[in-house]
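Presented below is the structure to which this report refers.
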Amino acid sequence: MRTDPLVGLSCVKIFANVLQPQLLLVRAEPHLLILAVTGLDDISADRAPLAAGMEEHWRILKTILLGQMLSLFICGTAVTSQYLAEQYQVNTPMLQSFINYFLLLLVYTTILAFRTDGDSLLQILKQRWWKYLFLGLADVEANYTIVKAYQYTTLTSVQLLDCFGIPVLMALSWFILRARYRLIHFIAVAVCLLGVGTMVGADILAGRQDSEGSDVVIGDVLVLLGASLYAISNVSEEYIVKNLSRVEFLGMVGLFGTIISGLQLAIVEHRDIMRIQWNWKIALLFAVFALCMFGLYSFMPVVIKVTSATSVNLGILTADLYSLFFGLFLFYYKFSGLYILSFVIIMVGFILYCSTPTRTAEPTAVPQPRSTGLDNAGLKLEENDSQTPAVTVQFTREESVVVSTD
């Protein structure tokens with residue numbers, strides 16, 4: 033059947049008028065033509081929610097695993113310290129801390145000294161040495177005051193009052209790091225603290241309540257001071273690893289921590305060190321403690337960088353429970369089902385906290401761009417014609433469409 037050429041030409045004009053908005057879009061964004069022809073945009077849209085959900089679940093799982101790895105490091109330091117104290121009457125927390133800071137000095141301060149990219153060790157010391165001096169002092173004294181508190185107050189008081197560092201940490205993060213929390217985060221923290229309370233109740237029922245101590249008030253003040261110093265150290269750590277570098281934080285803490293702990297060691301613990309009856313078992317316990325503490329300090333900045341200092345502190349609340357589980361075999365603790373319940377409660381609160389990321393407040397309001405309107409958008413599109421490839425549509429006798437770009 034023969035077709036009238038005029039009718040065919042009219043159909044082509046109508047078809048071109050219908051396609052004109054689409055051709056204008058293709059002219060501006062040529063890559064959209066490929067997506068429209070192949071249907072990849074529909075496939076990507078269908079798979080995007082699934083991929084986002086899987087990524088979010090993996091983020092939460094990774095946070096949980098990293099947090100429990102840190103808890104195991106803390107558990108290792110607690111078990112070795114308690115074994116040294118109970119089996120060999122060795123109470124030298126400052127010596128143990130000094131060994132850890134010295135290892136950080138050997139590894140990370142040396143890396144800083146020979147680093148070629150970024151600020152060198154001398155530049156860092158010249159620009160912000162006094163800041164790292166205060167950070168090192170806070171970190172050293174946080175470790176010392178918590179251990180010292182056990183001589184004055186009870187285990188229950190230490191476990192409960194040590195949680196004071198979490199609200200202090202959240203407050204410091206709010207003002208210094210500009211972190212903004214949702215209601216779910218406060219609920220999660222309350223759930224974690226409920227788990228700690230359950231653990232303390234299990235200690236009392238299992239007969240692990242220690243003596244009243246020589247001076248409970250002094251011990252409680254030391255715990256609160258240590259928890260606050262830990263919060264200051266953790267907030268500073270989060271700021272440094274997210275804005276500067278992990279190596280800089282560890283290198284400078286190792287440098288100033290070694291100096292401060294070394295001086296304090298010579299003043300307060302030199303007699304205790306002289307009384308140690310050294311053998312290979314004591315040396316092995318010191319080595320295990322040092323490796324666990326070094327691993328804790330090395331990996332905590334990695335975890336804080338992908339999460340936050342608050343979530344890390346919630347995750348490591350399970351460290352006491354891991355120590356209790358080891359104590360069932362090493363120190364013959366009495367088992368209580370409340371330990372399992374407290375572990376579950378803490379993990380539920382931790383997962384609840386990690387399920388919703390915090391946001392960061394902007395220091396200044398960002399001005400919103402004015403709307404250009406459709407006419408201005410079309411005008412700008414025409415002005416950019418010379419920068420975008422043109423599209424040519426050609427209709428062949430076989431009723432196919434050939435699209436080419438110049």
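The numbering of the sequence shown is my numbering, which starts it at 33 and goes up by one.
Idealized CB from N, CA, C, for every residue including glycine.
As the structure is a computational prediction, the values presented were derived from the model and not from experiment.
Run through DSSP, which three-state label would Arg212 get? The sequence position of residue 212 within the sequence shown is 180, counting from 1. Looking at Arg212 - three-state DSSP - the assignment turns out to be strand.
Three or more beta-carbon pairs under 8 Å between the stretch 149-164 and the stretch 232-239, yes or no? Segments in contact, no.
Helix or strand or just coil, what does DSSP make of Thr148? Reading the sequence shown from its first residue, position 116 is the one you call residue 148. Taken through DSSP and simplified to helix, strand or coil, Thr148 comes out as coil.
List the DSSP bridge partners of Arg391. Here residue 391 corresponds to residue number 359 of the sequence shown, with the count starting at 1. Paired residue(s): Arg212.
Spatial distance of Leu64 from Gly150 (CA atoms): To locate residue 64, count along the sequence shown from 1; it is residue 32. To locate residue 150, count along the sequence shown from 1; it is residue 118. Residue confidence for Leu64 is low, a pLDDT of 45 falling below 50, so the modelled location carries little weight; the figure read from the coordinates is stated next. Each residue's Cα considered, the two are about 41 Å apart.
Which residue marks the beginning of the alpha helix (DSSP H) containing Ile272, and which one marks its end? Walking along the sequence shown from the start, residue 272 turns up at place 240. Per DSSP, Ile272 is one residue of the alpha helix (DSSP H) stretching across Val248 to Asn275.
DSSP three-state call for Arg160: helix, strand or coil? Stepping through the sequence shown from its first residue, residue 160 is reached at position 128. The answer is helix: DSSP assigns Arg160 an H, G or I state.
Do the stretch 272-280 and the stretch 317-336 make contact, defined as three or more Cβ pairs closer than 8 Å? Yes, since at least three Cβ pairs between the stretch 272-280 and the stretch 317-336 fall closer than 8 Å, the two stretches touch.
Are the beta-carbon atoms belonging to Gln212 and Arg391 less than 8 Å from one another? Within the sequence shown, residue 212 is the residue found at index 180, counting from 1. Within the sequence shown, residue 391 is the residue found at index 359, counting from 1. The question names Gln, but residue 212 in the sequence shown is Arg. Going by C-beta atoms, Arg212 is nearer than 8 Å to Arg391.
Does DSSP put Ser340 in a helix, a strand or coil? Looking up residue 340 in the sequence shown gives position 308. Per DSSP, reduced to three states, the secondary structure at Ser340 is coil, with no helix or strand assignment.
Can you give the Cα-Cα distance for Trp310 and Leu356, rounded to whole angstroms? Position 278 of the sequence shown, counting from 1, holds the residue named residue 310. Position 324 of the sequence shown, counting from 1, holds the residue named residue 356. C-alpha separation (whole angstroms): 27 Å.
Same chain, Cβ closer than 7 Å to Ser268, neighbours up to 5 away in sequence not counted: Mapped onto the sequence shown, residue 268 falls at position 236. Excluding residues within five positions, the ones whose Cβ falls inside 7 Å are Leu167.
Flag this pair as touching only if the stretch 371-382 and the stretch 219-229 have three or more C-beta atom pairs under 8 Å; answer yes or no. Contact between the stretch 371-382 and the stretch 219-229 is present: 3 or more CB-CB pairs across the two stretches fall below 8 Å.
Using a threshold of 8 Å, state whether the C-beta atoms of Ile216 and Leu349 are closer than that. For the purposes of this step, residue 216 is identified with residue 184 of the sequence shown, where counting begins at 1. For the purposes of this step, residue 349 is identified with residue 317 of the sequence shown, where counting begins at 1. Going by C-beta atoms, Ile216 is not nearer than 8 Å to Leu349.
Which of the three DSSP states is assigned to Thr141 in this structure? As a position in the sequence shown, residue 141 is number 109, starting the count at 1. DSSP places Thr141 in helix when its eight states are reduced to three.
According to DSSP, is Pro399 part of a helix, a strand, or is it coil? To locate residue 399, count along the sequence shown from 1; it is residue 367. Confidence at Pro399 is low in this model, with a pLDDT of 49, below 50, so the placement of that residue is unreliable and no value is reported for it.
Straight-line CA distance for Leu192 to Val255? Here residue 192 is taken as the residue at index 160 of the sequence shown, counted from 1. Here residue 255 is taken as the residue at index 223 of the sequence shown, counted from 1. When only Cα atoms are considered, Leu192 and Val255 end up about 9 Å apart.
Tyr184 and Asp247 closer than 8 Å at C-beta: The count along the sequence shown starts at 1 and reaches residue 184 at position 152. The count along the sequence shown starts at 1 and reaches residue 247 at position 215. Contact: yes.
Just to confirm before moving on: does the CB-CB distance between Leu116 and Ile305 stay below 8 Å? Position 84 of the sequence shown, counted from the start, is the residue given in the question as residue 116. Position 273 of the sequence shown, counted from the start, is the residue given in the question as residue 305. In this structure, Ile305 does not lie closer than 8 Å to Leu116 by Cβ.
Please report the residue range of the alpha helix (DSSP H) in which Phe358 lies. Counting from one through the sequence shown, the residue named residue 358 turns up at place 326. Where Phe358 is concerned, the enclosing alpha helix (DSSP H) starts and stops at Ala351 to Leu362.
How far does the alpha helix (DSSP H) with Ala298 in it reach, from first residue to last? Looking up residue 298 in the sequence shown gives position 266. Bounds of the alpha helix (DSSP H) holding Ala298 are Arg278 to Val300.
Cut-off 8 Å between Cβ atoms - residues of its own chain near Thr230, not counting five sequence neighbours on either side: Position 198 of the sequence shown, counted from the first residue, corresponds to residue 230. Excluding its 5 nearest sequence neighbours in each direction, Thr230 has C-beta neighbours in its own chain below 8 Å: Leu370, Leu373, Ser374 and Ile377, listed in chain order.
Leu297 versus Leu127: straight-line alpha-carbon distance, rounded: Working through the sequence shown from its first residue, we reach residue 297 at position 265. Working through the sequence shown from its first residue, we reach residue 127 at position 95. For Leu297 and Leu127, the distance between alpha carbons rounds to 6 Å.
When burial is assigned at 16 or more other CB atoms within 10 Å of the CB, is Gln106 buried or exposed? The sequence position of residue 106 within the sequence shown is 74, counting from 1. A quick correction: the sequence has Ile, not Gln, at residue 106. Buried.
Three-state secondary structure assigned by DSSP to Ile96: Position 64 of the sequence shown, counted from the first residue, corresponds to residue 96. Reduced to three states, the DSSP call for Ile96 is helix.
Given a threshold of 16 other Cβ atoms within 10 Å of its Cβ, counted over all protein chains shown, does Met325 qualify as buried or as exposed? Residue mapping note: residue 325 aligns to position 293 of the sequence shown, counting from 1. By the neighbour-count criterion, in which a residue is buried when 16 or more other Cβ atoms sit within 10 angstroms of its Cβ, Met325 is buried.
Based on Cα-Cα distance, which residue from Thr112, Lys180, Thr339 and Asn132 lies nearest to Val300? To locate residue 300, count along the sequence shown from 1; it is residue 268. Ranking Thr112, Lys180, Thr339 and Asn132 by CA distance to the CA of Val300 puts Lys180 first.
Smallest Cα separation from Leu463: which of Phe361, Phe363, Ala341 and Leu362? The structure shown does not extend to residue 463, since the chain is modelled only from 33 to 438, so the question has no answer here.
Using C-beta distances below 6 Å, list every residue in its chain close to Arg210, excluding the 5 sequence neighbours before and after it, in chain order. As a working mapping, residue 210 is identified with position 178 in the sequence shown. So the list reads Thr392 and Ala393, once near-sequence residues are dropped.
Are Leu154 and Leu287 touching if we call contact CB-CB under 8 Å? Stepping through the sequence shown from its first residue, residue 154 is reached at position 122. Stepping through the sequence shown from its first residue, residue 287 is reached at position 255. Cβ atoms of Leu154 and Leu287: not closer than 8 Å.
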